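Visitor: Let me give you the structure first, and then I'll get to my questions.
Numbering (the working numbering), first residue to last: 2 to 354.
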């Protein structure tokens, strides 16, 4: 198989806090099921993404990793032999649980996120880019200043824990970085793109007294939550505002016309936009593109592919020197001229080399 840019098929996940907003982002949702997550790119066991269309349709990310190797990843290292990023869309029609992911335990646990061979669970550094937010919608990220371990221990599993969290009103376009170990909850009425290290280990500290149709509550992990909360996450880390002066910026080539959103030891996230005819140059780095608006087209010896709003494209390193061009969309909006006026907007996720 010749390396080529491919659009991936979403893996939909039912969640008690989910809704139907992902239909507005092109997802074919089942009837009468609350869909909370669309896994856009995953190489986790049992949830390997597949190519959505074209000559490679049906091939899994596992097969692409095996066949293309460094032609896919370039200088990026696989994580425990798997793809180094996990990309999702989340629809929080209701509050997500107050939760925390495993805190880093040593210097070997700060980069790629999966600590193969280490005697504790994989960390899950993640960031949220807000795609939609109802007026007044909030998220919770980090503890308020001055909160002690004893106070947190007293409130675990109870509604009082919410009073300990930093509450942030959000709007579309906001971006937040959550180092693994940050206590957090996505609030109702928010839809985000989530880029993270490839782990799905979560400890629930509180679930808003939620019950399923049989009256059962979801399991809480109170001792694990307390053991994994980090107390050293600064406000400036959570309120993502990457700049060229950040120490992590040197790991990633600057992308012309892109706005840096997140720079962390494991990955980078940028927002790029351009009018019809504009070209996106990925500087030879493997990238995952999330389409927000308009249409972006690639071409290579293996054929062409295009990325629309709500879709996710994997661009192998050997294809990342070929320009991706903004083209007119294929929707009714394009026919009316709206797409031509708008151009294209994409998020660009890159893993650490």
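Ideal Cβ positions, reconstructed from N, Cα and C, are used throughout, including at glycine.
For clarity, every value in this text was computed on a predicted model and none was experimentally measured.
Go ahead and pull the three-state DSSP assignment for residue 163.
Guide: Reduced to three states, the DSSP call for residue 163 is helix.
Visitor: Just the C-alpha distance for residue 146 and residue 179, rounded to the nearest angstrom, thanks.
Guide: Answer to the nearest angstrom: the Cα atoms are 17 Å apart.
Visitor: Between residue 65 and chain B, is any beta-carbon pair separated by less than 7 Å?
Guide: You won't find chain B in this structure, because it holds only one protein chain.
Visitor: Under three-state DSSP, which class holds residue 239?
Guide: Three-state DSSP puts residue 239 in a helix.
Visitor: In three-state DSSP terms, what is residue 60?
Guide: Residue state, collapsed to three classes: coil.
Visitor: Could you have a look at residue 228 and say whether DSSP puts it in helix, strand or coil?
Guide: In the structure shown, residue 228 sits in a helix (DSSP, three-state: H, G or I).
Visitor: Please list, in chain order, all residues of the same chain as residue 108 whose beta carbon is under 7 Å from its beta carbon, the five residues on each side excluded.
Guide: Because residue 108 carries a pLDDT of 46, less than 50, the predicted location of this residue cannot be relied on, and no value is offered for it.
Visitor: Since residue 1 is in the alpha helix (DSSP H), which residue starts that stretch and which ends it?
Guide: The structure shown has nothing for residue 1, since the chain only spans 2 to 354.
Visitor: Are the CB atoms of residue 316 and residue 288 nearer to each other than 7 Å?
Guide: Taking 7 Å as the Cβ cut-off, residue 316 and residue 288 qualify as a contacting pair.
Visitor: Taking the alpha helix (DSSP H) that residue 313 belongs to, which residues open and close that run?
Guide: Where residue 313 is concerned, there is no enclosing alpha helix (DSSP H), although the beta strand (DSSP E) it sits in stretches over 313-316.
Visitor: Which residue marks the beginning of the beta strand (DSSP E) containing residue 127, and which one marks its end?
Guide: Taken as a continuous stretch (DSSP letters only), the beta strand (DSSP E) holding residue 127 covers 127-134.
Visitor: By Cβ distance, which residues of its chain are closer than 7 Å to residue 171, with the 5 residues on each side in sequence left out?
Guide: Excluding sequence neighbours, residue 171 sits near 131, 134, 138, 139, 140 and 191.
Visitor: CA-CA distance, residue 112 and residue 214?
Guide: Only weak support exists for where residue 112 lies, its pLDDT of 44 falling under 50; the coordinates are left without a value.
Visitor: Can you have a look at residue 142 and say buried or exposed, based on whether 16 or more other CB atoms are within 10 angstroms of its CB?
Guide: Answer is buried; the Cβ neighbour count reaches 16.
Visitor: Can you round the beta-carbon distance between residue 345 and residue 297 to whole angstroms, since I take them to be within the 8 Å contact cut?
Guide: About 5 Å; that satisfies the 8 Å criterion.
Visitor: Can you find the residues in the same chain that come closer than 6 Å, C-beta to C-beta, to residue 52, ignoring five residues on each side of it along the sequence?
Guide: The residues are 7, 58 and 60.
Visitor: Would you list the residues sitting across from residue 20 in a DSSP beta bridge?
Guide: According to DSSP, residue 20 bridges with 36.
Visitor: As an exercise, report each continuous alpha helix (DSSP H) stretch of at least 4 residues that is fully enclosed by the segment 141-201, in chain order.
Guide: Segments of the alpha helix (DSSP H) lying fully in the segment 141-201: 150-156.
Visitor: For residue 44, is the classification buried or exposed, using 16 other Cβ atoms within 10 angstroms of its Cβ as the cut-off for buried?
Guide: By the neighbour-count rule (16 or more Cβ atoms within 10 Å), residue 44 is buried.
Visitor: May I have the straight-line CA-CA distance separating residue 91 from residue 25, to the nearest angstrom?
Guide: Each residue's Cα considered, the two are about 13 Å apart.
Visitor: Report the residue from 160, 56 and 82 whose alpha carbon sits nearest the alpha carbon of residue 67.
Guide: Residue 82 is the option with its Cα nearest to residue 67.
Visitor: Report the rounded CA-to-CA distance for residue 205 versus residue 105, giving the unit in angstroms.
Guide: Going from the Cα of residue 205 to the Cα of residue 105 covers about 18 Å.
Visitor: Rounded to whole angstroms, what's the CA-CA distance from residue 279 to residue 295? Just pull it up for me.
Guide: If I take the Cα positions, the gap works out to 12 Å.
Visitor: Candidates 299, 286 and 314: which alpha carbon is nearest residue 351's?
Guide: The shortest Cα separation from residue 351 among 299, 286 and 314 belongs to 286.
Visitor: Given a threshold of 16 other Cβ atoms within 10 Å of its Cβ, counted over all protein chains shown, does residue 18 qualify as buried or as exposed?
Guide: Its Cβ being crowded by 16 or more others within 10 Å, residue 18 is buried.
Visitor: Buried or exposed: which applies to residue 186, given that a residue is buried once 16 or more other Cβ atoms fall within 10 Å of its Cβ?
Guide: Counting Cβ neighbours within 10 Å, residue 186 comes out buried, since at least 16 surround it.
Visitor: Whole angstroms are fine: how far does the CA of residue 98 sit from the CA of residue 169?
Guide: Spanning the two alpha carbons is a distance of roughly 16 Å.
Visitor: Let me know if residue 182 comes out buried or exposed under the rule of 16 or more other beta-carbons within 10 Å of its beta-carbon.
Guide: Burial call: buried.
Visitor: Can you check which of these residues, 200, 73 and 150, is closest to residue 122 by C-alpha distance?
Guide: Among 200, 73 and 150, the Cα nearest to that of residue 122 belongs to 200.
Visitor: Buried or exposed, going by whether 16 or more other CB atoms sit within 10 Å of the CB of residue 310?
Guide: Classification for residue 310: buried.
Visitor: To which residues of the same chain is residue 39 closer than 6 Å at the C-beta, ignoring the five residues directly before and after it?
Guide: 11, 13, 23, 28 and 90, listed in sequence order.
Visitor: Just to confirm, are residue 202 and residue 103 a CB contact at a threshold of 7 Å?
Guide: Taking 7 Å as the Cβ cut-off, residue 202 and residue 103 qualify as a contacting pair.
Visitor: Restricting to Cα atoms, I'd like to know which of 275, 276 and 207 is closest to residue 223.
Guide: Among 275, 276 and 207, the Cα nearest to that of residue 223 belongs to 207.
Visitor: How should residue 116 be labelled, buried or exposed, when 16 other C-beta atoms within 10 angstroms of its C-beta is the threshold for buried?
Guide: Reliability fails at residue 116, whose pLDDT of 44 lies under 50, so the model's placement of it is uncertain and the value that follows must be treated cautiously. Residue 116 should be labelled buried.
Visitor: Could you compute how far the alpha carbon of residue 72 sits from the alpha carbon of residue 175?
Guide: Near 33 Å, if we compare the C-alpha coordinates of residue 175 and residue 72.
Visitor: Since I believe residue 93 is in contact with residue 189 (beta carbons under 8 Å), could you give me their beta-carbon distance rounded to a whole number of angstroms?
Guide: The Cβ separation is near 6 Å, so the contact holds.
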